[in-house]
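Residue numbering for the sequence shown follows UniProt numbering, beginning at 1 and increasing consecutively.
The beta-carbon is built from N, C-alpha and C at its ideal position, and this holds for glycine as well.
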Amino acid sequence: MYKALVVDDEPDARGVVHKTLKLFCPEIDEVFEAEDGAEALTLARKTRFDLAFLDIQLNGEDGVDLAKSLAAFCPNIIFVTAHDEHAIRAFQTNAVHYLLKPIEPGDLRQAIARVKDRTKQEGSEFTDKYKSIRITTGGVTRMIPFESIIFLKGSGNYSTFFLDTGEELFLSRGLSYYEQKLLKEGFFRVHQSYLVNLKHVSGVSHKDTLIMLTSGDSVSLSRRKKREFLKQIDRFY
């Protein structure tokens, strides 16, 4: 069963999507609503949504930009809009689908089917039930909860996981591999060598361009990544 978030600045439009989901998509057992980006991100930080229906033109906001921030918490974005000229920009965010208003039940079912397909494809690496990543190190396969990962450090074709237990796990895959897998789980590539869990950021030293973490560690913040990182932190907290 899935949890869905509907983001639209028009109450009637939100209601139509909500009602249509309830009528034609039995896989959706919970539906939440938000009228703007701030409310959507607040809800997403508290509740793990499987998919979000997002109007591409919110009042005073760009839905595409919001989708990029929301993707850190919600793996499947579906745009719902009356304007088809934004389709190319929407799909550049790796959106699952793009629905035009008024929504047809058949199109909605197709969007849900795409979410199911994507979830199955990702299931070999992740399990939503336990919110974990499966890794193999030292001949042992383990499930590591996302929330227990403080940061990752990369070096060539190798990466080291730093956990909140103080444990360090050395793996034979490059940091870019894990960046792709963890981006939608609240992680951010702050430097060529570091991928951090935003939930474990405790502070930022602007003078030294360092990020302080809950473990007491500090990692470098790339100057070219600084603006986007601070934007993500503002939205996250």
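Rounded to whole angstroms, what's the CA-CA distance from residue i to residue j? Just pull it up for me.
i: residue 138; j: residue 186; result: 27 Å
i: residue 120; j: residue 68; result: 22 Å
i: residue 47; j: residue 194; result: 27 Å
i: residue 44; j: residue 170; result: 31 Å
i: residue 212; j: residue 145; result: 21 Å
i: residue 118; j: residue 225; result: 29 Å
i: residue 140; j: residue 104; result: 48 Å
i: residue 188; j: residue 61; result: 23 Å
i: residue 127; j: residue 143; result: Any reading at residue 127 needs caution, since the residue's pLDDT is 46, under 50, leaving its predicted position unreliable; the model's value is listed next. Distance between the alpha carbons of residue 127 and residue 143: 9 Å.
i: residue 12; j: residue 18; result: 10 Å
Taking the CB atoms as reference points, tell me whether residue i and residue j lie closer together than 9 Å.
i: residue 112; j: residue 27; result: yes
i: residue 53; j: residue 23; result: no
i: residue 160; j: residue 168; result: yes
i: residue 201; j: residue 209; result: no
i: residue 192; j: residue 154; result: yes
i: residue 108; j: residue 21; result: yes
i: residue 9; j: residue 29; result: no
i: residue 72; j: residue 230; result: no
i: residue 182; j: residue 149; result: yes
i: residue 219; j: residue 151; result: yes
i: residue 102; j: residue 16; result: yes
i: residue 100; j: residue 82; result: yes
Only counting the same chain, and skipping five residues up and downstream in sequence, which positions put a Cβ closer than 6 Å to that of residue i?
i: residue 7; result: 34, 40 and 54
i: residue 96; result: 76, 78, 114 and 115
i: residue 31; result: 4, 18 and 21
Answer with buried or exposed for residue i, where buried requires no fewer than 16 other C-beta atoms within 10 angstroms of its C-beta.
i: residue 207; result: exposed
i: residue 180; result: exposed
i: residue 79; result: buried
i: residue 50; result: buried
i: residue 76; result: buried
i: residue 132; result: buried
i: residue 232; result: buried
i: residue 38; result: exposed
i: residue 177; result: exposed
i: residue 14; result: buried
i: residue 98; result: buried
i: residue 2; result: buried
Based on DSSP bridge pairs, tell me the residues matched to residue i.
i: residue 188; result: 196
i: residue 53; result: 6 and 78
i: residue 229; result: Beta-bridge pairing links residue 229 to no other residue.
i: residue 168; result: 162
i: residue 97; result: 78
i: residue 102; result: Its beta-bridge partners do not exist; DSSP assigns none.
i: residue 107; result: BP columns for residue 107 are empty, so no partner.
Just to confirm my understanding: we take residue i, look at its own chain, exclude 5 residues before and 5 after, and list those with CB closer than 8 Å. What are they?
i: residue 227; result: none
For chain B, find out if any of its Cβ atoms is closer than 9 Å to the Cβ of residue i; answer yes or no.
i: residue 192; result: The structure shown contains no chain B, having only a single protein chain.
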